[in-house]
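Residue numbers (this note's numbering): 264 to 609.
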Amino acid sequence: MTRPRLISALALLAIAVPLLAAAPASATPTESTPTNTTPTNTTPATCRERTVPVALTPGAPADQTVAGTLCSPRGAHPDTVQLLLPGGTYDRSYWTMRGDPRGPSYVEYMSRAGHATFAMDRLGTGASAAPHSSRFAPDSHRDSVHQVVLELRRTYARVVLVGNSLGSTLARMVAEEWPGDVDGLVLTGESSTPNWDAFAELGAAYVPASRDPRVAGRGLDDGYTSLPIGGKSAWMYHRPTASPLVMAFDELTGEPDVFAMGDAGVGGDIDVPVYVIVGEFDRFLCGPGATDCSSSAALLAGERPHYPADAKLEALVVADTGHVLNLHRTAATWFAEVDDWLDRNI
264 MTRPRLISAL ALLAIAVPLL AAAPASATPT ESTPTNTTPT NTTPATCRER TVPVALTPGA
324 PADQTVAGTL CSPRGAHPDT VQLLLPGGTY DRSYWTMRGD PRGPSYVEYM SRAGHATFAM
384 DRLGTGASAA PHSSRFAPDS HRDSVHQVVL ELRRTYARVV LVGNSLGSTL ARMVAEEWPG
444 DVDGLVLTGE SSTPNWDAFA ELGAAYVPAS RDPRVAGRGL DDGYTSLPIG GKSAWMYHRP
504 TASPLVMAFD ELTGEPDVFA MGDAGVGGDI DVPVYVIVGE FDRFLCGPGA TDCSSSAALL
564 AGERPHYPAD AKLEALVVAD TGHVLNLHRT AATWFAEVDD WLDRNI
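So this is what it looks like as structure tokens:
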């Protein structure tokens, strides 16, 4: 494994952050009111828990399960579903928590806009299976997402993959390996030219999950790693637009991960619409020698060489925002842009 790819594996694992949980719509959220992290009966959708049997490697028994929450707008029957993929150290709650305590979560926003979503826990996180780390193959995470896509296609005509950080990397890998799986990609918290030094520094901070009191009780082997308390607030946020309550709540949560990754390089074989979304102050992506996050036009210019010449590619820089875009007060601005992009492209 090359040094950049090794660092990618150690770093992309740790890049998505849950935010403050979604408050009931009938309540008035305040900066001092943490709320639930699961969809409630006030979410403008019908939500239910789903599990999908998956195999860790092609041809192996489907003896593992991926857990998730499927939400569909009340009174509607969309033919497209968004598969929501959280980043490292996070589970599906990343998509149901609020970066702005007074605003919607991603799932709430998309439900109100008429979109179906399936927010999943990657293997080893949340309620999904956590096999011994030695059982993970380099592409187990990618392959499990592919199997979830196939299951969703039994009900929906189109599937759009929406990721953050590691979730975006997995979304790209699936789209490149199985072009027929995916009808569109929304890649947040990831770019083609990351800041490798920042990733290396973050990767060095990880500890075995057994040493993290938030997850030590799960009895995981030391192939599972975790970002210690303090890591999220130090790395993931742009503080001027982050709620102190959100950051504090975020530090109380953590998910372990097995960092097994195949070829995560950006390829030129993606032939579906792609929307790349980056925070202006993402420490893992932006800066000299890395991605130019000064404007959406600059981001698009930097991404184009990594995609086919005729790619239907768009890019957005979210002003005053850090790496975990859902967890900033600016979140609803880019939610609206994604809603518009979906209407135009899918």
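The beta carbon of each residue, even a glycine, is placed where N, CA and C say it ideally should be.
Check whether the region 452–461 touches the region 538–552, taking contact to mean three or more Cβ pairs, one atom from each stretch, closer than 8 Å. Three or more Cβ pairs drawn from the region 452–461 and the region 538–552 lie within less than 8 Å of each other, which places the two stretches in contact.
For P336, which option in H569, A323, Q410, T309 has the closest C-alpha, if you only look at C-alpha atoms? On the sequence shown, residue 336 is found 73 positions in, with the first residue counted as 1. The shortest CA-to-CA distance from P336 to any of H569, A323, Q410, T309 is the one to T309.
Is the number of C-beta pairs between the region 396–408 and the region 506–514 that are closer than 8 Å three or more? no
L346 and L433 look like a contact to me (Cβ under 8 Å); what is the Cβ gap, rounded to whole Å? In the sequence shown, residue 346 corresponds to position 83, counting from 1. In the sequence shown, residue 433 corresponds to position 170, counting from 1. No, L346 and L433 are not in contact; Cβ-Cβ is about 10 Å, not under 8 Å.
Please determine, among V329, G338, S374, D532, the residue with the shortest C-alpha to C-alpha distance to V408. By 1-based counting over the sequence shown, the position of residue 408 is 145. The candidate whose alpha carbon is nearest that of V408 is V329.
Where does the unbroken alpha helix (DSSP H) through N608 begin, and where does it stop? Within the sequence shown, residue 608 is the residue found at index 345, counting from 1. Taken as a continuous stretch (DSSP letters only), the alpha helix (DSSP H) holding N608 covers 594–608.
With the cut-off set at 9 Å, would you say P349 and Y357 are in Cβ contact? Looking up residue 349 in the sequence shown gives position 86. Looking up residue 357 in the sequence shown gives position 94. Yes. Within cutoff.
Pick out whichever of G482, H378, N608 has its Cα sitting closest to the Cα of Y538. Mapped onto the sequence shown, residue 538 falls at position 275. Residue N608 is the option with its Cα nearest to Y538.
Rounded to whole angstroms, what is the Cα-Cα separation between A420 and D342? For this step, residue 420 is matched to residue 157 along the sequence shown. For this step, residue 342 is matched to residue 79 along the sequence shown. It is roughly 5 Å from the alpha-carbon of A420 to the alpha-carbon of D342.
Between the CA atoms of V541 and T554 - distance to the nearest angstrom: On the sequence shown, position 291 is the one that residue 554 refers to. On the sequence shown, position 278 is the one that residue 541 refers to. Approximately 10 Å, taken between the alpha carbons.
I'd like to know if the region 571–585 and the region 476–495 are in contact, where contact means that at least 3 CB-CB pairs between them fall below 8 Å. no
Under 9 Å, do D354 and G377 count as touching if we go by C-beta distance? Here residue 354 is taken as the residue at index 91 of the sequence shown, counted from 1. Here residue 377 is taken as the residue at index 114 of the sequence shown, counted from 1. No, Cβ-Cβ distance for D354 and G377 is not below 9 Å.
Buried or exposed by the 16-neighbour rule on C-beta atoms within 10 Å, applied to D446: By one-based count along the sequence shown, residue 446 stands at place 183. D446 is buried by the Cβ-count criterion.
Which of helix, strand or coil DSSP assigns to A439: Here the question's residue 439 lines up with position 176 in the sequence shown. At residue 439 the sequence reads Glu, which differs from the Ala that was named. Reduced to three states, the DSSP call for E439 is helix.
9 Å Cβ cutoff met for A382 and G331: If you number the sequence shown from 1, residue 382 lands on position 119. If you number the sequence shown from 1, residue 331 lands on position 68. A382 places its beta carbon less than 9 Å from that of G331.
Mind the definition here: the region 481–501 touches the region 462–472 only if three or more C-beta pairs lie below 8 Å; say whether that holds. Touching, yes, given that three or more Cβ pairs across the two stretches are closer than 8 Å.
Look up V370 in the DSSP assignment and give the residues it is bridged to. The residue you call residue 370 lines up with position 107 of the sequence shown. In DSSP, V370 forms no bridge with anything.
Endpoints, alpha helix (DSSP H) assigned at G565: Translated into the one-based positions of the sequence shown, residue 565 becomes position 302. Per DSSP, G565 belongs to the alpha helix (DSSP H) from 559–566.
For V601, which option in L415, S506, G426 has the closest C-alpha, if you only look at C-alpha atoms? Position 338 of the sequence shown, counted from the first residue, corresponds to residue 601. Nearest C-alpha to V601: G426.
DSSP-derived helix/strand/coil call for A392: Here residue 392 refers to the residue found at position 129 when the sequence shown is read from its first residue. A392: coil per DSSP, three-state reduction.
Considering S335, what are the terminal residues of the alpha helix (DSSP H) in which it resides? The residue you call residue 335 lines up with position 72 of the sequence shown. Where S335 is concerned, there is no enclosing alpha helix (DSSP H), although the beta strand (DSSP E) around it starts and stops at 327–336.
Tell me C549's beta-bridge partners as DSSP assigns them. The residue given as residue 549 occupies position 286 in the sequence shown. T554.
If the criterion is Cβ atoms closer than 9 Å, does the pair L448 and S431 meet it? As a first step, residue 448 must be located in the sequence shown, where it is residue number 185. As a first step, residue 431 must be located in the sequence shown, where it is residue number 168. The Cβ atoms of L448 and S431 sit closer than 9 Å to each other.
Would the beta-carbon of G351 fall within 9 Å of that of L590? As a first step, residue 351 is located in the sequence shown; it is residue number 88 there, counting from the start. As a first step, residue 590 is located in the sequence shown; it is residue number 327 there, counting from the start. No, they are not a contact pair.
V485 burial status per 10 Å Cβ neighbour count (16 or more: buried): Here the question's residue 485 lines up with position 222 in the sequence shown. With the sequence shown as reference, residue 485 is identified as Asp, and Val is not the correct amino acid for it. That one is exposed.
A438 versus A461: straight-line alpha-carbon distance, rounded: To locate residue 438, count along the sequence shown from 1; it is residue 175. To locate residue 461, count along the sequence shown from 1; it is residue 198. In a straight line, the C-alpha of A438 is about 27 Å away from that of A461.
From G387 to A339, what distance separates their C-alpha atoms? Here residue 387 refers to the residue found at position 124 of the sequence shown. Here residue 339 refers to the residue found at position 76 of the sequence shown. Their Cα atoms are separated by approximately 33 Å.
May I have the straight-line CA-CA distance separating T359 from T314, to the nearest angstrom? The residue labelled residue 359 in the question sits at position 96 within the sequence shown. The residue labelled residue 314 in the question sits at position 51 within the sequence shown. Each residue's alpha carbon lies about 18 Å from the other.
L576 and L563 look like a contact to me (Cβ under 8 Å); what is the Cβ gap, rounded to whole Å? Position 313 of the sequence shown, counting from 1, holds the residue named residue 576. Position 300 of the sequence shown, counting from 1, holds the residue named residue 563. Sure, about 7 Å apart at Cβ, within 8 Å.
Would R474 pass as a contact of L515 if the rule is Cβ separation under 9 Å? Looking up residue 474 in the sequence shown gives position 211. Looking up residue 515 in the sequence shown gives position 252. No; because the gap between Cβ atoms is not below 9 Å, this pair is not in contact.
Over the uninterrupted alpha helix (DSSP H) stretch that includes E464, give me the two end residues. The sequence position of residue 464 within the sequence shown is 201, counting from 1. Taken as a continuous stretch (DSSP letters only), the alpha helix (DSSP H) holding E464 covers 459–466.
Can you give the Cα-Cα distance for L450 and Y369, rounded to whole angstroms? If you number the sequence shown from 1, residue 450 lands on position 187. If you number the sequence shown from 1, residue 369 lands on position 106. L450 and Y369: Cα-Cα distance of roughly 14 Å.
DSSP state of V315 mapped onto helix, strand, coil: Sequence index remark: in the sequence shown, residue 315 carries index 52 (1-based). Strand.
Could you check which residue in P307, V411, W459 has the C-alpha nearest to that of S374? Taking the sequence shown and counting its residues from 1, the one referred to as residue 374 is at position 111. Considering only alpha carbons, the answer is P307.
Let me know the secondary structure DSSP gives P471 once reduced to three states. Position 208 of the sequence shown, counting from 1, holds the residue named residue 471. Strand at P471.
Taking the alpha carbon of A523 as the point to measure from, which residue in G517, T418, L429 has its own alpha carbon closest? One-based indexing of the sequence shown puts residue 523 at position 260. The shortest Cα separation from A523 among G517, T418, L429 belongs to L429.
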